[in-house]
Amino acid sequence: MIQSPRGTRDFLPDDMERRRFYESILRQTAQRSGFREIQTPIFEEAELFILRSGPNILNELYAFKDKGDRDLALRPEMTAPAIRAFVNGMSNDPKPIKIFYFGQCFRYERPQSGRYREFFQFGAEIIGAATPETDAEVIATAVGMIRSLGLKEYKVRIGHIGVLRRKLAEVGITAEDMPPILQKLDKKLYDEAWPLMEDAGVGREDAEKVFDIAGTVGGIEVLDKVEGEETAYLARVLSYLSVMGITEPEIDLGVVRGLDYYTGMVFEAEAPVLGAEKQICGGGSYTLSELFGGEKVFTTGFAIGFDRVLLALEKEGAVSPVKRIDAYVIAASSDTKLRAFEIAGMLRREGLSADIDLSDRKMAKAMKHASSVGSVFAVIVGNEELGTGAVTLRDMSSGEQRLIKISDLPAEIRGH
RNA sequence: GCCGGGGUGGGGUAGCUUGGUUAUCCUUGGGGAUUGUGGAUCCCUUGACCCGGGUUCAAAUCUCGGUCCCGGCCCCA
53 MIQSPRGTRD FLPDDMERRR FYESILRQTA QRSGFREIQT PIFEEAELFI LRSGPNILNE
113 LYAFKDKGDR DLALRPEMTA PAIRAFVNGM SNDPKPIKIF YFGQCFRYER PQSGRYREFF
173 QFGAEIIGAA TPETDAEVIA TAVGMIRSLG LKEYKVRIGH IGVLRRKLAE VGITAEDMPP
233 ILQKLDKKLY DEAWPLMEDA GVGREDAEKV FDIAGTVGGI EVLDKVEGEE TAYLARVLSY
293 LSVMGITEPE IDLGVVRGLD YYTGMVFEAE APVLGAEKQI CGGGSYTLSE LFGGEKVFTT
353 GFAIGFDRVL LALEKEGAVS PVKRIDAYVI AASSDTKLRA FEIAGMLRRE GLSADIDLSD
413 RKMAKAMKHA SSVGSVFAVI VGNEELGTGA VTLRDMSSGE QRLIKISDLP AEIRGH
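Numbering (our numbering), first residue to last: 53 to 468.
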């Protein structure tokens, strides 16, 4: 037996129905805010991702050479492809540009709860604007999505990449020393950040001030405690969010995000029901286009980990509606089979979903099948009824059945 | 890359410690009891020890390696 490759999954009909249901919620939510969908290739030149994330990501990339000796890679994320597509094909579109995308990404990592080698991301970007309004719009969209999916428990934290960086620079940390320190501060591991800072020549008193900022968490009022244009900016973002009814985000000035192309506001969302891999959404404002040969354009965007959100919803006991077919057509005897197929074809042309017995089963078996595939009605095509131009329509949940003229059948089924 | 727990029909499981008859039970699938009516019951039936090496007269059971799954660390664009 051949199994699906490590870290990948088959999505069977029940899974797919559920996934498509939530996908369409995400699409509708994005469209409601004026975002339009794009689709980019599943593989790209490996260079694209190296430009974005540095050469180290090659280790976690599904990279390969094609027959033309091109260095390609399955996409590990979709922000870089989206910005590449913008540079290539949308750079002269009226700004700001609002786009969204959904699709699978691939990372060569150790699978664990909520982490797969093939996983699905939903993301959105606003390209060509750098204002508190833009950032608020993006956060509002992200939160709107999480809400419309029906997730009950989640946390949203908003920070600003500039606050900590400026403070660290002020106390004498060089740009090269900053990343490992920021990483510790992001996790609020001050004990581990301190030795690094000490080595870089920072005094204890200055370090405490840095920890203070990294630990600034709470409502809009905590912004008053930290001076600077960044906190004033965040206050404006929050006020826009507030009037749109988005009140759940907290301020967390310790939010750092991994990469240094972020330029300002950053935010994250997590679902506590998930274990170690609980982050469900991440985003912020950045510039990337200049790396890909375009002009520098400010962008704010986010990506939602679709699989994780679904996992969280499942843990919360959310149920998605089950799709049913309208009618299962059953020939009462073999000499009415042609008429049964004729009726099934007619129902389908009328836009109804109709299934029909394909093997020579007895009626009881066919009825059982109709029941197990979740058909709303059974249409019994037998000689007795056909004589008067009618069939028997059976409501599968109540068991009631009536004689219905074939010409009235679509209306009867639709009217249910 | 590291640590721990696992893998028995399509799904869920018993058996494994203490090696030994035809590998248990539930469910699902197929057929029948029911000759024009499903969800109940009964009967029949298909179907499994992750892969490979080792120990042994004998391995689902012990052992080693691989592989995959689950949880965690690291990482997380």
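Backbone N, C-alpha and C define an ideal beta-carbon position, used for all residues, glycine too.
Check, Outcome
"Is residue 132 near residue 96, with beta carbons less than 9 Å apart?", "yes"
"When you compare only the Cα positions, how much space is there between residue 448 and residue 303?", "53 Å"
"Closest to residue 334 by CA distance: which of 431, 266 and 208 is it?", "208"
"Pull up the CB-CB distance for residue 287 and residue 275, whole angstroms please, since I reckon it's below 8 Å.", "5 Å"
"Tell me the residue span of the alpha helix (DSSP H) that contains residue 393.", "389 to 401"
"Residue 181 to residue 318, Cα distance in whole Å?", "15 Å"
"In this structure, how does DSSP classify residue 250 when only helix, strand and coil are distinguished?", "helix"
"Let me confirm a value: residue 215 is counted as buried when at least 16 other C-beta atoms fall within 10 Å, else exposed. Which label applies?", "buried"
"Let's test the definition: count the other Cβ atoms within 10 Å of the Cβ of residue 53 and tell me whether it reaches 16, buried, or not, exposed.", "exposed"
"For the structure I just gave you, are there three or more beta carbon pairs, one from the stretch 183 to 190 and one from the stretch 339 to 354, closer than 8 Å?", "yes"
"For the putative contact between residue 409 and residue 166, defined by C-beta atoms under 8 Å, what is the C-beta separation to the nearest angstrom?", "That pair is no contact at about 42 Å."
"Would you check if the distance between the CB atom of residue 89 and the CB atom of residue 138 is smaller than 9 Å?", "no"
"Quick one: what's got a C-beta closer than 7 Å to residue 432's C-beta in the same chain, skipping five residues either side?", "382, 384, 443, 444 and 446"
"Within its chain, find whatever has a CB closer than 7 Å to the CB of residue 325; leave out the 5 residues flanking it on each side and keep chain order.", "205, 364, 367 and 368"
"Just reading off the beta strand (DSSP E) that residue 302 is part of, what are its end residues?", "302 to 304"
"In the DSSP assignment, the alpha helix (DSSP H) including residue 455 goes from what residue to what residue?", "Residue 455 -> not in any alpha helix (DSSP H); beta strand (DSSP E) instead, spanning 453 to 457."
"In whole angstroms, give me the CA-to-CA distance for residue 129 and residue 105.", "11 Å"
"Out of 388, 73 and 219, which has the shortest C-alpha to C-alpha gap to residue 439?", "388"
"Ends of the beta strand (DSSP E) at residue 334?", "331 to 339"
"Using alpha carbons as the reference points, say which of 386, 379 and 415 lies closest to residue 398.", "379"
"In whole angstroms, give me the CA-to-CA distance for residue 115 and residue 354.", "25 Å"
"Tell me the rounded alpha-carbon separation between residue 219 and residue 107.", "29 Å"
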